[in-house]
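Respectively, the protein sequence lines represent chains A and P.
Under this note's numbering, the first sequence has 38 at position 38, and the numbering climbs by one with no breaks.
Under this note's numbering, the second sequence has 194 at position 6, and the numbering climbs by one with no breaks.
Heads up, the beta-carbon is just placed ideally off N, CA and C, and yes, glycines get one too.
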Amino acid sequence: MSSRCRVELVALVTAMALIASGCDRERRAYHQAPEGTNPGPALTDFQPGSPQPKVASAIGQQYQQNAYHITQGGRLYRWFNCNGCHNNGGGGIGPALMDDQWRYGGSIDQIHSSIIEGRPNGMPAWHGKLTDMQAWQIAAYVRAMSGNVSKAAAPSRREGLAATPPFTQVPEQPPRGSEASAQSPPPQ
Amino acid sequence: MNAATDRLQATWSDPPGFIGWLTTVDHKRVARRYIATALGFFVLAGLLALAMRTQLAVSENSLIGPDLYNQMFSLHGSAMMFLFAVPVMEAVAVYVVPLMVGTRNISFPRLNAFSYWVYLFGGIMIFVAFFMDVGPEAGWSGYVPLSSSDFSPGKRTDFWAQMITFTEVAALCVAVEIIATVMTMRAPGMTLARIPLFVWAMLVTSFMIVFAMPAVMLSSSFLISDRLVGTQFYNAAEGGDPLLWQHLFWFFGHPEVYIIFMPALGMISSIVETFARRPIFGYVPMVLALVATGFLAFGLWVHHMFATGLPPMGNSFYTAASMLIAVPAGVQIFCWIATLATGRLHLRVALLHVIGFFALFVLGGLTGVMLASVPLDLQVHDTYFVVAHFHYVLIGGAVFPLVGALYYWFPKISGRMLSERMGRWQFWLFFVGFNVTFFPMHYLGLIGMPRRVYTYPAGMGWDLYNFISTVGSYMIAASVLLLVINIARSLRKGEAAPADPWGSPDLSWAVSSPPPSYNFAHIPVVTGRHPLWADDNATPEPRLPVAEGVREDRREVLLTTPVDATPCCRWALPDPSIWPFWSALAITVLFVWSIFDQWGIVWGAIPLAITLTIWFWPKRSDPSLKHDEDEHTDEGRDDGEPRHAA
Ligand code: HEM
Ligand SMILES: [Cu+2]
């Protein structure tokens with residue numbers, strides 16, 4: 001076997017290995033949403049009895065790693081006028097979304113249920129207005145606002161006025177305390 | 189073998205084994221792998237096309253979904269243009285041009301090796317990305333905003349943009365080498381008026397590359413920085429401009445099609461001259477037509493943008509310029525026809541492909557003139573009419589001559605003859621299959637089928653024509669398979685090729701097939717346009733005058749003046765080196781890293797700087813820097829005075 005064949009063989013084997021590993025970040029789910037439901041996350045750490053382990057839903061993970069869903073969420077965020085209260089994440093009538101403070105939790109599961117169920121003091125329940133897939137997409141986008149997104153999946157500048165820095169450049173601000181829930185009460 | 193050729197062999201040959209394979213700077217070896225790689229990408233991109241045609245064979249087919257289809261046509265187009273068509277033409281030139289001008293290597297041999305590695309790594313990168321579902325998805329022309337972050341999220345378009353940077357670096361390197369080779373390394377006596385037409389074509393092409401490629405590199409770098417760090421080059425709301433993309437892209441993109449097509453014109457001239465057994469009719473008009481095409485090609489790009497709503501006056505100017513380019517094209521076609529009509533034809537497979545070219549290219553040219561008129565273009569913009577048009581000019585105008593050239597130069601490159609019988613089958617399958625595939629697309633476009641769609645509803649009247657087209661694409665595939673078999677068979681047990689199997693007129697046929705590592709035992713001296721022909725009837729010339737005085741103990745070549753090709757000095761070319769390979773690897777790391785992180789450009793520059801420094805650091809041990817003691821005895825001999833060899 002000539003040396004060139006050997007090189008090509010190595011390239012081929014590498015390529016095969018890469019295919020097998022796949023790339024979830026890039027999948028485009030136009031018609032079919034990822035499977036699964038939101039397990040109904042706890043909104044605070046206060047709970048009766050001994051602390052229960054928190055479970056992050058698999059479906060949330062799929063959305064928050066996927067570049068297409070995050071970008072799609074950004075467009076829905078504008079179309080459904082989330083800007084009206086939250087502005088471009090800086091907050092207004094509603095709280096800011098681009099920082100590390102979360103009243104009802106900053107994990108994607110918690111944000112998803114905040115969107116679907118609504119919250120006191122003005123956050124409407126979007127249940128029935130958005131499909132479940134769209135709510136997940138928006139939740140993924142909201143997390144990206146505070147840099148909680150893989151840089152390889154983050155959207156950069158959008159078409160239109162630049163109201164935020166590109167998310168590829170936003171430093172990561174994990175929700176204060178543990179990832180999965182709101183630890184601290186909202187500042188008074 | 190006498191002592192002199194032994195010495196030359198010792199000086200010019202590569203170290204044996206894998207190290208030699210990795211370090212070689214021999215233009216022939218590099219060109220051979222360049223050609224093989226480019227043909228490999230052609231087959232891969234062709235398989236993508238076959239898959240697309242299979243998907244489109246019937247309406248509402250669900251074999252390939254919309255997302256994969258997007259990636260497939262984008263990668264097919266990008267690979268065909270950037271990884272096949274341009275590189276393969278340059279690769280043939282890297283092989284043939286130094287032989288045609290009568291010198292021992294290309295002008296910057298290490299740059300040449302570097303160019304190949306960069307090209308190879310870039311090509312591998314984009315195909316690996318495709319297999320990982322990160323293939324390009326915004327078409328080969330990557331229009332913004334479709335290719336910007338909002339509509340092409342993730343890293344797909346970043347890989348595409350970086351693939352462009354890879355291939356442009358490679359193409360620019362080769363262009364510079366070819367210009368320098370043609371301008372300074374021609375055999376003594378090969379004045380501008382005696383350069384073979386293929387070399388002229390490559391010279392003009394190389395200048396076009398130098399002016400056109402930076403535009404696309406700029407536009408793709410703007411795009412990747414828009415996507416990576418949020419610059420606003422193409423964002424209208426922030427003062428950027430999506431039209432800027434189209435202008436920059438097509439300022440490159442239109443010349444690009446001539447960069448593909450012009451080398452093919454040179455190949456045709458070589459083939460026609462050889463197989464018509466007479467000098468090309470109208471050498472001077474041919475050269476002027478090439479140069480005119482080179483200039484005009486830069487004034488046409490807006491004809492790709494008629495649908496963007498530019499002012500009518502601008503559009504009219506570009507319409508006129510587009511129609512004007514039919515004049516030099518026509519001049520060449522008529523010169524070839526005159527040559528063929530007055531020559532003594534030897535209808536070999538190579539010439540068959542050229543004749544196929546005439547038919548197909550004229551058809552593609554006619555639809556081109558149609559598309560150049562704004563009202564018609566607005567009707568058929570982005571329909572299959574356009575797909576038909578550009579495949580007629582690209583395949584008819586470039587791939588047919590290229591396959592002809594493959595038959596023509598294969599004996600020189602491999603030392604074996606290809607089977608003519610199989611070649612004829614292959615030609616007819618290709619010719620018929622091509623028309624069956626692409627002719628119905630004209631009609632499909634006129635009745636409204638848009639391009640870049642993954643399926644279509646039944647009952648539009650499109651089913652039959654799509655099905656015919658798919659059948660044709662399988663015929664093309666069969667033809668390509670036949671070509672591959674022909675090549676494989678010939679490499680194994682083909683008939684050995686003599687130095688000049690066709691009775692060709694240019695210097696590349698004066699050396700054995702395949703040529704020795706040093707090409708010419710003596711630097712030839714040229715006294716006419718056809719060094720190997722004694723007269724205009726293609727009688728073989730038995731004697732070739734040669735020059736002496738070029739050293740054999742280092743890689744020395746004779747440099748000559750750009751216009752008259754009078755000898756001016758001797759120049760030592762560098763020896764084999766591993767550093768072009770490492771530099772190419774370092775630049776690959778930088779390019780791929782910068783897809784994910786802007787700091788990749790900074791940190792990636794460090795290994796690159798190190799490898800480049802070592803590459804360029806003069807080393808006393810380099811034989812090319814050797815000044816041995818008996819240098820003064822050489823001075824008594826003259827440099828390049830013609831001397832007749834027996
Ligand atoms: C080998 C036979 C070939 C076949 C069967 C073929 C077929 C196709 C098909 C089916 C498409 C997609 C049309 C669409 O969906 O809109 C396409 C697009 C294209 N092809 Fe080919 N093709 C072939 C060879 C080539 C060659 C040799 C070149 C260039 C040198 C080329 C350049 C392109 C380009 C630039 C596009 C447009 C891609 C885009 O829309 O961005 N093709 N071809
Ligand atoms: Cu054009």
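(1) Which one or two residues does DSSP pair with Leu-746 (chain P) in a beta bridge?
(2) What do you get for Asp-109 (chain A), buried or exposed, if any count of 16 or more other CB atoms within 10 angstroms of its CB means buried?
(3) Mind checking if Leu-43 (chain A) is an interface residue toward chain P, Cβ cutoff 9 Å exclusive?
(4) Is DSSP giving Ile-711 (chain P) helix, strand or coil here?
(5) Compile a chain-ordered list of the residues in the segment 161-172 of chain A whose CB is closer than 9 Å to at least one CB of chain P.
(6) Keeping to the same chain, check which residues put their C-beta closer than 8 Å to that of Ser-678 (chain P); ignore five residues upstream and five downstream.
(7) Taking C-alpha atoms, which residue in P:Leu-263, P:Val-624, P:Ala-375, P:Gln-350 lies nearest to Ser-413 (chain P)?
(8) Using a Cβ-Cβ cut-off of less than 7 Å, list which residues of the segment 390-424 of chain P approach chain A; keep chain order.
(9) Is the segment 417-435 of chain P in contact with the segment 384-396 of chain P, if contact means three or more CB pairs nearer than 8 Å?
(10) Less than 9 Å between the beta carbons of Ile-711 (chain P) and Ala-375 (chain P), yes or no?
(11) Let me check understanding here. Comparing Cα to Cα, which of A:Arg-27, A:Leu-97, A:Asn-66, A:Gly-74 lies closest to Ser-150 (chain A)?
(12) Do Gly-330 (chain P) and Trp-433 (chain P) have their CB atoms nearer than 9 Å?
(13) Consider the Cβ of Ser-303 (chain P): report whether some Cβ of chain A lies at a distance smaller than 9 Å.
(14) Taking Cβ positions only, does Thr-37 (chain A) come closer than 9 Å to chain P?
(15) Are the Cβ atoms of Tyr-283 (chain P) and Ala-219 (chain P) separated by less than 9 Å?
(16) Given a threshold of 16 other Cβ atoms within 10 Å of its Cβ, counted over all protein chains shown, does Ala-315 (chain P) qualify as buried or as exposed?
(17) Looking only at its own chain, which residues have a Cβ that is under 7 Å from the Cβ of Tyr-141 (chain A), when we skip the five neighbours before and after it?
(18) Ser-336 (chain P) versus chain A: which residues are under 7 Å apart at the beta carbon?
(19) Secondary structure at His-127 (chain A), three-state DSSP: helix, strand or coil?
(20) Can you check whether the C-beta of Pro-204 (chain P) is within less than 9 Å of a C-beta belonging to chain A?
(21) For Arg-143 (chain A), which residues in chain P fall below 9 Å Cβ to Cβ?
(22) For the segment 577-593 of chain P against the segment 610-629 of chain P, are there 3 or more C-beta pairs whose distance is under 8 Å?
(23) Shorter than 9 Å from the beta carbon of Tyr-68 (chain A) to some beta carbon of chain P?
(24) Between the segment 284-291 of chain P and the segment 337-353 of chain P, do at least 3 Cβ pairs fall closer than 8 Å?
(25) Sorted by chain position, which residues of the same chain lie with C-beta nearer than 8 Å to Glu-117 (chain A)'s C-beta, five sequence neighbours on each side aside?
(26) Three Cβ pairs or more, each shorter than 8 Å: is that satisfied between the segment 450-467 of chain P and the segment 499-510 of chain P?
(27) Which chain P residues sit within Cβ distance under 9 Å of Tyr-30 (chain A)?
(28) Give me the chain A residues within the contact set of Lys-343 (chain P), using Cβ-Cβ distance strictly less than 8 Å, ordered along the chain.
(29) What is the DSSP secondary structure of Arg-415 (chain P), reduced to helix, strand or coil?
(30) For Lys-600 (chain P), report the span of its alpha helix (DSSP H) as first-last.
(31) Rounded to a whole number of angstroms, what is the C-alpha to C-alpha distance between Gly-837 (chain P) and Gly-647 (chain P)?
(32) Is His-127 (chain A) close to ligand 2? I mean its beta-carbon at under 8 Å from any heavy atom of the ligand.
(33) Let's test the definition: count the other Cβ atoms within 10 Å of the Cβ of Asn-81 (chain A) and tell me whether it reaches 16, buried, or not, exposed.
(34) Give a yes or no on whether the C-beta atoms belonging to Asp-651 (chain P) and Val-246 (chain P) are separated by under 9 Å.
According to the data block:
(1) P:Arg-758
(2) buried
(3) no
(4) strand
(5) Leu-161, Ala-162, Pro-165, Pro-166, Phe-167, Thr-168, Gln-169
(6) Phe-598, Ser-602, Arg-604, Met-605, Leu-606, Ser-607
(7) P:Gln-350
(8) Asp-414, Arg-415, Leu-416, Val-417, Gly-418, Gln-420, Asn-423
(9) no
(10) yes
(11) A:Asn-66
(12) yes
(13) no
(14) no
(15) yes
(16) Checking the displayed sequence, the identity of residue 315 (chain P) turns out to be Phe instead of Ala. Label assigned to Phe-315 (chain P): buried.
(17) Ile-70, Gly-73, Gly-74, Tyr-77
(18) Glu-159
(19) strand
(20) no
(21) Correct list: empty, because the minimum Cβ distance to chain P is about 15 Å.
(22) yes
(23) yes
(24) no
(25) Ala-125, His-127
(26) no
(27) Gly-253, Pro-254, Asp-255
(28) Arg-25, Glu-26, Ala-67, Ala-152
(29) helix
(30) 588-602
(31) No statement about residue 837 (chain P) is possible, as the shown extent of chain P runs from 189 to 834 and does not include it.
(32) no
(33) exposed
(34) yes
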